[in-house]
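In what follows, a single structure is set out as structure tokens and then discussed.
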Amino acid sequence: MSRLLAVLVLLLITYTANVAAKDAQPIIVPEPPELPSQIVSGENMKPDLTITRKKKETITEYSVNGNVYMVKISPEGAPAYYLVDTDGDGDLETRRTALENGMNIPQWLLLSW
């Protein structure tokens, strides 16, 4: 008897759910707004170069937006080496003898304030 009662209750719940779904008003979704026009970036992506010549060396500073990110030092009679700011804090903490040395992980600046 309890099984029959459980089946009847389940059928009653299912029936009322179907009736309620038929009486419900459809949801009206508004049209999406038009896309804005494409934004053209005014940012200069080419690095600015500052070359300083001294008696026995040439120093080349590479900067973007006024921030120095790499310095190339070319001593006279010796191979050139680079000082690189790898984390963007303004300190040139990494010294390299070549720029294509192994695998370099891209470190793009996404947000700054």
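Quick note on numbering: the working numbering labels position 26 of the sequence shown as 47, and the sequence is numbered without any gaps. Note that beta-carbon positions come from the ideal geometry of N, C-alpha and C, so glycine has one too. Being a predicted model, the structure only gives us computed values, none of them experimental.
Here's the rule I'm using: 16 or more other beta-carbon atoms within 10 Å means buried, otherwise exposed. How should residue i be labelled?
i      : result
Tyr103 : buried
Met22  : exposed
Would a C-beta distance cut-off of 7 angstroms place residue i and residue j closer than the cut-off?
i     : j      : result
Ser84 : Asp106 : no
Glu55 : Thr71  : no
Thr79 : Ser95  : yes
Glu97 : Lys77  : yes
Legend entry - Segments assigned beta strand (DSSP E), at least 3 residues, entirely inside the segment 36–117: 69–74, 78–85, 88–96, 102–105, 115–117
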